[in-house]
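*Asks:*
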Amino acid sequence: MKHFYNFKTQSFYIDEINIDIPPDSIEITKDQHIDLFNEINAGCVIFNDLTYSESPLSGFHKWNGGQ
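So the sequence shown is numbered by the working numbering: it starts at -19 and just counts up by one.
(1) Output the distance between the C-alpha atoms of I14 and F27, rounded to the nearest integer angstrom.
(2) If you count every other CB in all the chains shown that lies within 10 Å of the CB of S5, and 16 or more means buried, which is it?
(3) With distances taken from CA atoms, which of E19, F(-16), G23 is nearest I(-3)?
(4) May I have a chain-ordered list of the beta strand (DSSP E) segments no shorter than 3 residues that lie completely inside the segment -17 to 46?
(5) What does a CB cutoff of less than 7 Å around I1 pick up in its chain, not counting 5 residues either side in sequence?
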């Protein structure tokens, strides 16, 4: 089973499930799939080199003027 990620569609694909996988998709490992999926669910943005942003602050954080 092969896993893929597509930056343009911001979607994951698995060759045994998805018939049409965009040709510009990047093959990733199962562990990368799990890691990226968890980061997306934490509010991170995935970049085209498979790195991701830091998680955004929660709504409970308050700006204290300096931090």
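The beta carbon of each residue, even a glycine, is placed where N, CA and C say it ideally should be.
*Replies:* By the coordinates alone:
(1) Here residue 14 is taken as the residue at index 34 of the sequence shown, counted from 1. Here residue 27 is taken as the residue at index 47 of the sequence shown, counted from 1. Near 16 Å, if we compare the C-alpha coordinates of F27 and I14.
(2) For the purposes of this step, residue 5 is taken as residue 25 along the sequence shown, with counting starting at 1. Burial check for S5: the Cβ neighbour count within 10 Å reaches 16 or more, so the residue is buried.
(3) Residue mapping note: residue -3 aligns to position 17 of the sequence shown, counting from 1. Ranking the options by Cα distance to I(-3), first place goes to F(-16).
(4) Runs of the beta strand (DSSP E) inside the segment -17 to 46: -17 to -14, -9 to -6, 6 to 8.
(5) Working through the sequence shown from its first residue, we reach residue 1 at position 21. If we look at I1 and ignore the five residues flanking it on each side, its Cβ neighbours are F(-16), Y(-7), D(-5).
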